[in-house]
Structure formats: C-alpha cells, structure tokens
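The structure appears below as structure tokens.
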Amino acid sequence: MMHSTRFATLLSLSLLSAGALAAEGGAAPGKSVEDLAKPCAACHGPDGNSTNAQYPRIAGQYHDYLARAMQEYKNGERKHAIMAGFVNTLSDADIDKLARYYGAMPTKLDDLAHYEQGD
Amino acid sequence: MTRILLARSMKLALLAASACVTATAFAEDAGNKGDPKAGLALVYTCGGCHGVTGYHNAYPNYHVPRIAGQNYDYLIAALTEYKKGERAHPTMRAQGESMSDEDIRNIAAYLSSLGTAGNAK
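Chains E and R are the protein sequences, given in the same order.
The first sequence: position 29 = 51 (the working numbering), numbered continuously.
The second sequence: position 115 = 191 (the working numbering), numbered continuously.
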C-alpha cells in the first residue's frame, strides 16, 4: 500500500516535469530537429553548406558559436530581417538542438590553424 | 508643346544616364573581387584567435568560429558589419575598423579559397 502510494507520487511528479519540459519547448513543443531545420535548409542548404555565397556555411561550425549567433539574432544584437524572423519562433532549447545538429554535420570549414597565416 | 517635348526628352536622357551609371557601378563591383594573395598577407592577426583549434572567446565563453572555407560574400558582410559597428564583438569591431573595404575583399578572397572543397560562387 505504502509502496503503491509512493509509486503513484513518483509517477505523477515525473509526468508533471515532462509537461514542464514540453512547455519550455516554446512555440513548437516536441518538434524534431529535422522539422526545426527545414526553413534553415532553404538558404544554408540541406547539408548546411550553402551554395549561395551570401549565406554562411554552418555545417561543422562550433555548436556554441552557432547558438550564440542565433541568440544574437533573437535579441537584436545582430540585425538580419530573415534570421530574426526565424529565430524569434525558437526557444533556447530549440536553438541548442539546431546548433548541435548543424555543428555535427560534415564540414567544409576549418580552423585557420592549418593554413599559412601572413608573410 | 515643344517645351513639353523638350522636358520629356530631357527626362528620358536623365533616365538613360542614371541607368548607365547604375550599370557601371554593378560592373565595377563584380570586377572588384578580392585578391587571395593580398589577403594572405593580412590574415596574420586573425590567426591569434581563429588559428587556434578549439580556442574560446574569453567572455562570453564560446568557441571562436571556424572561418577557413567560409563563403566569400558572407565574410564581406560580416567584416563590414564589424567595421560599421553593427555587430557588437569588441575585438572584431576593432579589427574591422582598421580594415579598408579592399582589405576586407582580399581577406574574404583568401579565407574562402581555403577549406576542404570548392567554394560557392
């Protein structure tokens, strides 16, 4: 009896926190990262390596830099009408998910460490 | 009547002239792509942060981005934004302010020529 009450309490607590987590997801709770990434692909390419030079390559970029950039578009520190429009609908958790998703893709970028630097 | 005609033809001439000016401006812009060799001579400073694999920005703490192989036009836009103070990062703003538009084009030409594959045009 005692055990089943405890179990019930635990269960309801975990359900509550699951609900809270979903609510934190913001405008799009439960959206998969693939769904979140669909609008990004239009400019940054499905593999994150934009073929139009005006858009940055994001595949394999450091994920914390990508997250930082999205946060800056969201809070207005960086100004870009299109990016602001997309990022404003994302929660912090969505931004982190997207940043890790693109950060883990095969990259064409590199650190400058591996190249000649100056004369 | 002649005055109206004259006014009209002047307007046309003005229009044609301004179209020519715009066309020339575009042509100049397109032909003014940066020189990667000149860029190589300028990126020495960049290496202090972007040339250290895994290097972290001191505050706020995040990785300094990978810039080798980044796209040309985007690099120009980013550096120009730092130059104009439209992006906040203090170190990058200081760097941008020290660059001429030509420096920026040359640096972008060099950086976009790097990386593991051909770059977007």
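Each residue gets a CB set at the ideal place from its N, CA and C atoms; glycine is no exception.
Bear in mind that the values here come from a model prediction, so they are computed numbers and not experimental data.
Helix, strand or coil: how does DSSP classify residue i here?
i: Asp132 of chain E; result: strand
i: Ile104 of chain E; result: helix
i: Ala144 of chain R; result: strand
i: His165 of chain R; result: coil
i: Lys96 of chain E; result: helix
i: Ala103 of chain R; result: Residue confidence is low: Ala103 of chain R scores 43 on pLDDT, short of 50, so the model does not pin down where it sits. Its coordinate-derived value is still stated next. Helix.
i: Arg90 of chain E; result: helix
i: Ser39 of chain E; result: Residue placement at Ser39 of chain E cannot be trusted, given a pLDDT of 46 that sits under 50; the coordinates are not used to answer.
i: Leu120 of chain E; result: helix
i: Gly48 of chain E; result: Model confidence at Gly48 of chain E stands at a pLDDT of 49, short of 50, so the residue's coordinates are unreliable; what they give is reported in the following sentence. Here Gly48 of chain E sits in coil by DSSP.
i: Ile152 of chain R; result: helix
i: Asp177 of chain R; result: helix
i: Leu33 of chain E; result: Caution is warranted here: a pLDDT of 47 is assigned to Leu33 of chain E, below 50, making its placement in the model unreliable, and no coordinate value can be reported.
i: Glu138 of chain E; result: coil
i: Ser74 of chain E; result: Here residue 74 of chain E is Asn; the residue named in the question, Ser, does not match the sequence. Asn74 of chain E falls in the coil class under three-state DSSP.
i: Tyr158 of chain R; result: helix
i: Asn108 of chain R; result: coil
i: Ser188 of chain R; result: helix
Relative to the alpha-carbon of residue i, which residue among the options has its alpha-carbon at the smallest distance?
i: Lys160 of chain R; options: R:Met175, R:Ala184, R:Tyr150, R:Tyr120; result: R:Met175
i: Ala153 of chain R; options: E:Gly98, E:Lys60, E:His102; result: E:His102
i: Asn147 of chain R; options: E:Cys65, E:Met92, E:Asp118; result: E:Cys65
i: Lys119 of chain E; options: E:Arg79, E:Gly67, E:Asn74, E:Ala89; result: E:Ala89
i: Tyr87 of chain E; options: R:Asp149, R:Tyr158, R:His132; result: R:His132
i: Asn74 of chain E; options: R:Asp149, R:Lys113, R:Pro112; result: R:Asp149
i: Lys53 of chain E; options: E:Ile117, E:Tyr137, E:Ala126; result: E:Ile117
i: Asp177 of chain R; options: R:Gly145, R:His126, R:Arg142, R:Leu151; result: R:Leu151
i: Ala164 of chain R; options: E:Glu99, E:Ala135, E:Val109, E:Met92; result: E:Glu99
i: Ser188 of chain R; options: E:Glu56, E:Met105, E:Ala106, E:Pro78; result: E:Pro78
i: Ile104 of chain E; options: E:Asp114, E:Pro61, E:Gly67; result: E:Pro61
i: Thr129 of chain E; options: E:Glu56, E:Asp114, E:Gly67; result: E:Gly67
Rounded C-beta distance between residue i and residue j? I'm assuming under 8 angstroms.
i: Gly110 of chain R; j: Ala185 of chain R; result: 3 angstroms
i: Ile180 of chain R; j: Thr156 of chain R; result: 6 angstroms
i: Asp133 of chain E; j: Thr129 of chain R; result: 5 angstroms
i: Leu131 of chain E; j: Gln76 of chain E; result: Rounded, the Cβ-Cβ distance is 16 angstroms, inconsistent with contact.
i: Ala81 of chain E; j: Asn71 of chain E; result: 5 angstroms
i: Leu190 of chain R; j: Gly145 of chain R; result: 5 angstroms
i: Val109 of chain E; j: Tyr95 of chain E; result: 5 angstroms
i: Arg142 of chain R; j: Tyr158 of chain R; result: Actually they do not touch by this definition, with Cβ atoms about 17 angstroms apart.
i: Ala135 of chain E; j: His85 of chain E; result: Actually they do not touch by this definition, with Cβ atoms about 19 angstroms apart.
i: Leu116 of chain R; j: Glu138 of chain E; result: 6 angstroms
i: Met127 of chain E; j: Leu112 of chain E; result: Incorrect: roughly 18 angstroms between the Cβ atoms, too far for contact.
For residue i, which beta-bridge partners are listed by DSSP?
i: His139 of chain R; result: R:His132
*Between the segment 60-75 of chain E and chain R, which residues of the former have CB atoms less than 7 angstroms from a CB of the latter, in chain order?*
Ser72, Thr73, Asn74, Ala75
*Using a Cβ-Cβ cut-off of less than 7 angstroms, list which residues of the segment 83-106 of chain E approach chain R; keep chain order.*
Gln83, Tyr84, Asp86, Tyr87, Arg90, Glu99, Arg100, Lys101
*Looking at chain R, which residues of the segment 114-128 of chain E have a Cβ within less than 7 angstroms of any of its Cβ atoms?*
none
_Output needed in chain order: residues of the segment 107-122 of chain R with a Cβ under 9 angstroms from some Cβ in chain E._
Leu116, Ala117, Leu118, Val119, Tyr120, Thr121, Cys122
_Can you pull out the residues from the segment 165-182 of chain R whose beta carbon lies closer than 7 angstroms to at least one beta carbon of chain E?_
Answer in chain order: no residues at all.
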